[in-house]
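Here the protein sequences line up with chains C and H, keeping their order.
Residue numbers for the first sequence follow our numbering, beginning at 1 and rising by one.
Residue numbers for the second sequence follow our numbering, beginning at 256 and rising by one.
2 protein chains.
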Amino acid sequence: MKRSHPSSTNRIVPDAPPSVPSAPLYRQVREDLIRRVLKGEWGPGAMLPSEKQLAQDYGHSQGTVRKALMQLFDEGLVIRRSGRGTFVASHAGQYKPASFHPIYDNGGARVVEDASLYVRCERIAAKERVAAGLKIAVGAGVSQILRLRRSGSRTAVVETMYLPEELCPDAYALVRRERPQSLYALLEQAYNILITDVDERVRARLVTDDEAALLEIAPQSPVLEIERTALSLGGHPVEWRTMVCETSEFYYRRS
Amino acid sequence: MKRSHPSSTNRIVPDAPPSVPSAPLYRQVREDLIRRVLKGEWGPGAMLPSEKQLAQDYGHSQGTVRKALMQLFDEGLVIRRSGRGTFVASHAGQYKPASFHPIYDNGGARVVEDASLYVRCERIAAKERVAAGLKIAVGAGVSQILRLRRSGSRTAVVETMYLPEELCPDAYALVRRERPQSLYALLEQAYNILITDVDERVRARLVTDDEAALLEIAPQSPVLEIERTALSLGGHPVEWRTMVCETSEFYYRRS
DNA sequence: CAGTGGTCTAGACCACATC
DNA sequence: ATGTGGTCTAGACCACTGA
């Protein structure tokens with residue numbers, strides 16, 4: 001079933017028409033693997049077949065399959081560990097798309113977040129800003145989740161998250177019941193949605209009175225506002241959130 | 256970036272001790288190529304020898320050299336065009352490590368920065384915060400450079416940069432004379448120092464009166480402060496800067 | 001046309017993790 | 001001991017570029 005010198009006269013991987021027929025083999029393999037992950041063939045954290053096995057299955061050389069896997073690794077979809085294997089990325093594991101989340105104190109030491117405190121979880125109608133962020137219609141149903149991130153006795157961040165009802169029905173109730181440490185881990189297990197990328201925008205502004213009360217800081221203090229759109233594997237927005245951060249005791253860092 | 260790990264029975268590229276002897280061959284080749292680019296062996300825009308030629312020169316296989324070149328391409332140090340060749344990136348500024356720099360207006364459109372305006376370039380003694388950031392002694396000589404980033408008729412950022420005298424002697428005078436668009440491009444051409452990574456920390460705070468005047472905003476406004484340490488190839492801090500950003504008209508984004 | 005990078009193969013040996 | 005990914009080789013043919 002192999003071809004010695006493919007490139008122009010090549011087959012497609014088993015029933016995968018979406019890819020351009022003339023795309024390089026490793027690209028076709030990459031896209032088929034993405035398709036299979038999306039289909040749920042391997043859930044988050046699951047181990048993929050070995051390079052050798054995949055090469056055999058696809059009928060291509062190991063080097064070709066390897067190139068596809070390395071690309072998926074670079075894109076963050078997959079974790080590869082020497083001697084162990086290749087695994088679908090999972091928020092339950094080490095996988096985290098870059099974000100500002102890590103909190104450091106002003107001395108530079110990393111601060112452990114000891115608590116995620118859920119304050120409110122409810123279903124509401126999307127207002128304009130939320131609708132724009134999620135690319136849904138104004139007034140569409142969304143789950144709104146308000147969470148505090150605490151470190152020691154201080155509250156460092158006030159997070160407000162929005163999930164579209166269409167993709168994540170009853171997420172507000174689920175979060176209220178489960179109170180997960182990681183929202184993205186919950187999205188994986190409950191909805192089989194993998195967040196692969198986040199787009200973040202940063203501003204400084206003055207706190208609102210409500211936020212000041214939650215953060216236990218003086219009114220009119222400056223705070224950092226991070227606005228995040230989280231994208232699933234297919235590139236569709238799944239979550240929109242704002243993080244209001246106190247930065248006199250803490251600072252935030254790219255990661 | 257990709258994974259790497261040592262192999263054991265390999266030689267070193269011609270007289271290149273700086274690299275760890277046990278690093279993979281393609282890594283050694285990559286580092287030697289970087290060294291040669293920094294040395295000026297090929298200027299910006301110049302064509303590198305072909306893969307085949309380099310493979311012969313280094314005494315390694317074409318695949319190994321190719322892997323090094325592809326990595327340099329991914330890092331932006333080099334441009335590769337099929338059928339043409341491999342070229343050193345024309346603007347040294349093409350080698351841009353991630354930063355918050357890109358500025359967007361509140362509508363989401365990218366704002367072109369039309370001007371870098373140098374306000375002050377002088378030699379001073381490092382104060383505590385600067386010394387800590389550059390890992391040098393308090394009181395050591397540093398070049399202090401104050402620059403405004405303007406977009407249209409508005410000033411978006413006030414940048415204050417510090418370069419250690421030991422690594423970049425008379426940088427303040429050089430910058431005053433050259434007024435470069437990119438400081439890192441200047442570091443490359445004047446001192447053969449390549450910035451490969453930046454570490455950034457973010458805070459919100461109130462503007463000082465001096466900054467408010469430069470940014471033409473009201474006193475006591477909230478601003479974003481980004482503190483950056485720039486690291487050279489060897490991982491040594493070469494520059495420490497603060498960027499004070501106005502964020503009512505603009506916002507900043509990871510990139 | 002000759003030369004370049006891009007793709008692909010089929011092996012080899014290594015370091016590493018797990019059992 | 002077995003199986004995994006990581007490195008490296010030495011070839012092949014392709015598509016594209018320019019003279």
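Beta carbons: idealized from backbone N, C-alpha and C, even for Gly.
The structure presented is a predicted model; accordingly, all values stated were derived computationally and were not measured.
Please report the straight-line C-alpha distance between residue i and residue j, rounded to a whole angstrom.
i, j, result
"G521/H", "V374/H", "Residue 521/H cannot be examined here, being either before or after the span of chain H that is shown, 256 to 510."
"Q444/H", "E306/H", "26 Å"
"T160/C", "A46/C", "31 Å"
"H91/C", "S182/C", "7 Å"
"G83/C", "A278/H", "19 Å"
"V457/H", "G314/H", "47 Å"
"S35/C", "D170/C", "Here the sequence assigns Arg to residue 35/C, which means Ser is not the residue at that position. Spanning the two alpha carbons is a distance of roughly 26 Å."
"G40/C", "Q62/C", "24 Å"
"V430/H", "V284/H", "33 Å"
"F328/H", "Q311/H", "20 Å"
"L233/C", "T196/C", "6 Å"
"E330/H", "L163/C", "35 Å"
"Q220/C", "D464/H", "17 Å"
"G152/C", "L449/H", "41 Å"
"L54/C", "M325/H", "24 Å"
"G143/C", "S398/H", "The sequence shown places Ser at residue 143/C, rather than the Gly named in the question. Straight-line Cα distance between these residues: approximately 52 Å."
Assuming residue i and residue j make a contact with CB atoms under 8 Å, what is their CB distance in whole Å?
i, j, result
"I146/C", "V238/C", "Sequence inspection shows Leu at residue 146/C; the Ile mentioned does not correspond to that position. Going by Cβ atoms, the distance from L146/C to V238/C rounds to 18 Å, so no, they are not a contact pair."
"V499/H", "E466/H", "5 Å"
"L148/C", "L77/C", "Actually they do not touch by this definition, with Cβ atoms about 31 Å apart."
"N447/H", "L303/H", "At roughly 18 Å, the Cβ-Cβ gap does not stay under 8 Å, so N447/H and L303/H are not in contact."
In the DSSP assignment, what are the bridge partners of residue i?
i, result
"Y251/C", "Y104/C"
"F87/C", "M47/C and I79/C"
"K373/H", "Rather than Lys, the amino acid found at residue 373/H in this sequence is Tyr. In DSSP, Y373/H forms a bridge with R402/H."
"V397/H", "I379/H and P419/H"
"V478/H", "R460/H"
"D452/H", "L486/H"
"P237/C", "L231/C"
"R154/C", "S151/C"
"E443/H", "Note: E443/H sits in no beta bridge, so no partner."
"E216/C", "In DSSP, E216/C forms no bridge with anything."
"E159/C", "R147/C and M243/C"
Suppose the cutoff is 8 Å on Cβ atoms and the five residues either side in sequence are ignored; what does the same chain contact list for residue i look like?
i, result
"A137/C", "A126 and A131"
"A204/C", "P222, V223, L224 and E225"
"E178/C", "L186"
"G298/H", "V343"
"G348/H", "Its pLDDT being 47, under 50, G348/H is placed unreliably by the model, and nothing is read from it."
"E128/C", "V138"
"T242/C", "E159, T160, E225, I226, E227 and R228"
"R336/H", "F342"
Looking only at its own chain, which residues have a Cβ that is under 7 Å from the Cβ of residue i, when we skip the five neighbours before and after it?
i, result
"I472/H", "V462 and E501"
"G396/H", "R378, A380 and E420"
"L372/H", "R402, L403 and R405"
"H236/C", "none"
"K135/C", "P237"
"A115/C", "R150"
Whose C-beta lies closer than 6 Å to the C-beta of residue i among residues of the same chain, with five residues either side of it excluded?
i, result
"G388/H", "T484 and W495"
"Y26/C", "T64, K67 and A68"
"I79/C", "F87 and A89"
"C376/H", "I400, Y427, V430 and R431"
- Task: Taking a Cβ distance cut-off of 7 Å, strictly less, list which residues of the stretch 450-464 of chain H are near chain C, in chain order.
- Result: E455, R456, V457, R458, A459, R460 and L461
- Query: Quick one, which residues of the stretch 462-486 of chain H are near chain C if we go by CB-CB under 7 Å, in chain order?
  - Reply: P477, V478 and L479
Check your understanding: Given a limit of 8 Å on CB to CB distance, which residues of the stretch 409-427 of chain H reach chain C?
Key -> For the stretch 409-427 of chain H, which is checked against every Cβ of chain C, not one residue is closer than 8 Å.
What residues in the stretch 231-251 of chain C bring their beta carbon closer than 9 Å to a beta carbon of chain H?
C245, E246, T247, S248, F250 and Y251
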